[in-house]
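All remarks here apply to the structure that follows.
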Amino acid sequence: MSTTHGDEEREHAAYDFAYVQEKWLPVWDELTPFKSGRADDPRPKKYVLDMFPYPSGDLHMGHAEAYALGDVISRYWVQKGFNVMHPIGWDAFGLPAENAAIKRNEDPRIWTYENIATQKASMRRYACSFDWDRVFNTCDPEYYRWNQWLFLKLHERGLAYRKDSAVNWCPGCQTVLANEQVVAGLCERCDSAVTKKKLNQWYFKITDYADRLLDDMQQLEGQWPDKVLTMQRNWIGRSTGANVQFVIEGRSEPISIYTTRPDTLYGATFMVVAADSDLASELAAGTTAEKDFKAYVEKIKADSDIDRLATDRPKTGVFLQRYAINPVNGEKLQIWASDYVLADYGTGAIMAVPAHDQRDLDFARAMKLPVRVVVETGEDDPNETGIATVGDGVVINSGLLNGLNRVEAIAKINAQLENDGLGKSARNYRLRDWLVSRQRYWGTPIPIIHCEKCGEVGVPEDQLPLTLPDATGLDLKPKGTSPLGAATEWLNVICPKCGGNAARDTDTMDTFVDSSWYFLRYPSSTNNEEPFSRKDVDTWLPVDQYVGGVTHAILHLLYSRFFTKVLNDMGMLDFNEPFTRLLNQGMVVMDGSAMSKSRGNLVRLSDELANHGVDAIRLSLVFAGPPEDDVDWSDVSPSGSVKFLTRAWRLSGDITSAPGIDFTTGDVTLRKATHKALNDAAFAVESFRFNVAIARVMELVNATRKAIDSGCGPADPATREAVEAIAIMLSLVAPYTSEEMWERLGHKPAVALAGWPTVDPALLVDDSVIAIIQINGKIKERIEVSPSISDVDLEKQAMSHPVIVEALQGASVQKVITRAPKLVNIVINS
RNA sequence: GCGGGAGUGGUGAAAUGGCAGACACGCAGGUCUUAGGAACCUGUGUCUUCGGACGUGAGGGUUCAAGUCCCUUCUCCCGCACCA
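In this note's numbering, the protein residues as written are 182 to 1011.
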């Protein structure tokens, strides 16, 4: 490529993207076309939000795709005349920074802020339409101060609490993990096998909101991908059933079990309690089974989650030498302890109905326990097949329930249990409370002081932010307890309540706390009085369009929805769902699999940008296919994008008419193509079919090329109209090229603010259309007709067409379906 | 196992129940060129007796009409993981 930039030379060569990029960046810095929230801005508002990045090095291909898509949407609404807020910030706390700090033996702040600077510069070059005045980082004390404030509010409301429990422990990261961060038994971050550890930890009581998190999803139907809604529903996992009391021999209190199938109560042939529950130890205590039980518990503790996940894992357990009495028939049932019952779901105890539950059947067969069929489903006897019959059927062997179907039987037995004080209907959730403590340095300190006399005392609001102690001198290496515990000066404090000696909580918050409300902060990003102002959220929220990866379908979105509902209850917001519309973009992969250094299929964004230019890369990503599908970089053609952009750019140099010329006198055929493209592209963008929108622009470029070379010519007003429309439409995806085109067309920057041209409906009507004539659904002929032709006239023309007359010889017409102006279908006897 | 999604040319993909393959990539041929990895033009689903016929994973159904709706089935991808 030439290094000199004479105008004439550029005119004839493929246009020089590097030169154009350097040319426009300072101009845009000056113009700030995407600044939002100017006091006198009369435009209606829209909030378009991209999920903020984690600053782990420079931007990669995945960022390039996500931000290109968010930009199309944001820039589109700007062109449509909206005051769009499109902010960005950094999700800057977390383990990678801490691990880098350990490796480099320096403060994690250095690595973090360096990477933020790098990414920021890359985003500017990538021409993201961000409002740079609203930037913040979650590791700024001005931000995390409000994490602490919110924590205290949750604490006040009883929604932040501590409890002892067996938590997921990652031996690699040396920290606890939320349920959500354990993927198939492995740590989401480092892939270590997760183990259990009994610890006292902070939780957020998200389970209090389980029903609302489920029910409010109705509002999101059709606005969020179904996939995400389904994943959230499954994750919350509401089940309805009944708690039933079983009297235990030699125990004063009965045991409550949870079942979704109270209709099968007569089929219960034994009881199982979770082996790792307190209940199990209590029942085993003092029995002849105690020794075996203890050995069993030791054995299963040694098993990792991985072992537990094996689907064909044989059932194991210990008979506790204790008996329960079935409340419906007085039968004596053996009580077993097993690890296939979970201690923290329901009551940690179940009635086993082996005939109609596969797990119970597997256990019964392993332990030679009886199996009794109480639902006649028409399937083979589970005693023989080893396959539990779980389908609907008629209840049998069940006293007064006999002859009923499932729904009737459940209603009847529930009513009776309730009446007898032996049970009642109940709900359970798969969702557990959100474990937020982390034993790491690089996060928000939990603003609680532990006083021997006063217990948990919140750090007074006027002392926030409680900043992290200096990292120098602290050993950040994971060792199972928080590094903050070693910062003695920071740690030891006076109790704000009683003035006695006390100590700070040494844990930091899960970084998902940071991202659970950041979208509320952008409109008030410089507010030092409160996390966000009521006026700002009322103006801008909820987010109109959220764009991000499906990797956050459960965690981040669920937590954000939870926070929004809590803040709504606190009266700080008047909406209860934060994200009105959600778009999940796919991943960028290479040769069919995710890019990674070790796989050797890493495509570096910086290389691609250097080779093809920003616009071509953005275009390639957006044009590759539907935004939610993965893009395989080996399938796309950045050089094809360069070719197209050059073609479009060249058009702008061909126009010989002056800017401001009256388009209405222009060539009608080309004008129609222009208006159709504008109309179709807008529709496509609004329905997230960006690849189709680009196809429409390509068609218009082709039509305009033809018009200039062999049609109405470069001086025709319609040609200028077409090229201006192309520049404006291209501004959504190729900001540099379109700005350059706009200038060559005689306009001042920024093309981003030019406005989407108004579509003339009269120009959307074709002079004539092709109607197809079918006989029995097979196309026989095409005729050219007026688009306003009536059904009657179209049918008349079709029936008298020579080809049709010929084809209808000797046949009897049964029916004629006419859909003017597109189709006539003649149904005949054949 | 449960839940969700997807299967269309050589490739990425289009298609309010109404002309399947728009728009591209790739490939082939051509024009212009000292040259072409530039630009422009033409062709490009399969079969064909050149009339047409067939064609959206497979099989059935609804309909005047199905890639699209319904049922069955196969394959692939994603999520969950003993939740009673």
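No residue lacks a Cβ here, since even glycine has one placed at the ideal position from N, Cα and C.
Exercise for review: Below 6 Å CB to CB, which residues in the same chain sit around L783 once its five sequence neighbours on both sides are set aside?
Suggested key: M776
**Study point:** I842 and R886 closer than 8 Å at C-beta
**Key:** Not a contact, by the Cβ cut-off of 8 Å.
Review point. Is the beta carbon of Q955 sitting closer than 8 Å to the one on V966?
Key: no
Review point. What did DSSP end up calling A931 once you bin it into helix, strand or coil?
Key: coil
**Study point:** Paired residues, beta bridge with E402 - DSSP
**Key:** In the DSSP assignment, E402 is bridged to W405.
Exercise for review: Could you tell me which uninterrupted alpha helix (DSSP H) segments, each at least 4 residues in length, are contained entirely in the region 217–281, listed from first to last along the chain?
Suggested key: 242–260
Exercise for review: Measuring alpha carbon to alpha carbon, tell me which of L335, A863, I907 and A899 ends up nearest V878.
Suggested key: I907
Practice item. Report all residues from its chain with a CB closer than 6 Å to the CB of K227; omit the five preceding and five following residues, and keep chain order. Key: Once the five neighbours on either side are set aside, the close Cβ partners of K227 are W258, F263, V265 and D725.
Check your understanding: For I506, which of helix, strand or coil comes out of DSSP?
Key -> strand
Practice item. Flag this pair as yes or no: are the beta carbons of L647 and V638 separated by less than 8 Å? Key: no
Review point. Looking at C-alpha atoms only, which residue of D947, Q644 and Q539 is the closest neighbour of I970?
Key: For I970, the nearest C-alpha among the options comes from D947.
**Study point:** Collapsed DSSP secondary structure at I842 in the structure displayed
**Key:** If DSSP states are grouped into helix, strand and coil, I842 belongs with coil.
Point to revise | Own chain residues within Cβ distance below 7 Å of G218, not counting five before or after | key: M266
Check your understanding: Based on Cα-Cα distance, which residue from A1001, V849, A797 and E976 lies nearest to E246?
Key -> The candidate whose alpha carbon is nearest that of E246 is A797.
Exercise for review: Taking M548 as part of the alpha helix (DSSP H), name the residues at either end of that continuous run.
Suggested key: Q539 to M548
Review point. Is G187 buried or exposed, if buried means 16 or more other CB atoms sit within 10 Å of its CB?
Key: Any reading at G187 must be qualified, since the residue scores a pLDDT of 37, below 50, and its modelled position is unreliable; no value is offered.
Review point. Under three-state DSSP, which class holds W209?
Key: helix
Exercise for review: Use the C-beta contact count for L722: other C-beta atoms within 10 angstroms, 16 or more gives buried, fewer gives exposed.
Suggested key: buried
Check your understanding: Can you give, in chain order, each stretch of the alpha helix (DSSP H) that sits fully within the region 281–364 and has at least 4 residues?
Key -> Counting only runs of 4 or more, we get 289–306 and 322–337.
Exercise for review: Output yes or no for whether 8 Å exceeds the beta carbon distance between M130 and G730.
Suggested key: This structure cannot settle anything about residue 130, because the visible part of the chain is limited to 182 through 1011.
Review point. Rounded to a whole number of angstroms, what is the C-alpha to C-alpha distance between F474 and A547?
Key: Distance between the alpha carbons of F474 and A547 is about 17 Å.
Exercise for review: Compare the C-alpha of A530 against each of A455, V555 and G580 and name the closest.
Suggested key: Nearest in C-alpha terms to A530, of all of A455, V555 and G580, is A455.
Exercise for review: Give the DSSP-derived three-state secondary structure of A465 in the structure shown.
Suggested key: helix
Exercise for review: Assign H982 to one of three DSSP states: helix, strand, or coil.
Suggested key: coil
Review point. Does the pairing of the region 688–705 with the region 731–738 give three or more beta-carbon distances under 8 Å?
Key: yes
Practice item. Quick one: grab the DSSP three-state call for T185. Key: Here T185 scores only 34 on pLDDT, less than 50, and its place in the model should not be relied on; the value that follows carries that caveat. T185 falls in the coil class under three-state DSSP.
Exercise for review: Could you spell out the range, first to last residue, of the beta strand (DSSP E) harbouring L764?
Suggested key: Following the DSSP letters along the chain, one finds L764 inside the beta strand (DSSP E) bounded by residues L763 to Q766.
Review point. Per DSSP, W383 is paired with what?
Key: R343
**Study point:** Among A476, P443, D444 and R442, nearest to D457 - alpha-carbon criterion
**Key:** Out of A476, P443, D444 and R442, A476 has the C-alpha closest to the C-alpha of D457.
Check your understanding: Does the beta-carbon of G270 have 16 or more other beta-carbons within 10 angstroms, so that it is buried, or is it exposed?
Key -> Buried, because 16 or more other Cβ atoms sit within 10 Å of the Cβ of G270.
Check your understanding: Between the region 755–763 and the region 740–747, are three or more C-beta pairs nearer than 8 Å?
Key -> yes
Exercise for review: Identify which residue in M452, R785 and G661 has its Cα closest to the Cα of K513.
Suggested key: M452
Review point. How is Y526 classed by DSSP in three states: helix, strand or coil?
Key: coil
Check your understanding: Just curious, the alpha helix (DSSP H) that R785 is in, first and last residue?
Key -> Segment: none, R785 is in no alpha helix (DSSP H) and carries neither H nor E.
Check your understanding: Going straight from the alpha carbon of S183 to that of G794, what length do you get?
Key -> Residue placement at S183 cannot be trusted, given a pLDDT of 33 that sits under 50; the coordinates are not used to answer.
Point to revise | Cβ distance (whole Å) where K658 is taken to contact I283 below 8 Å | key: 6 Å
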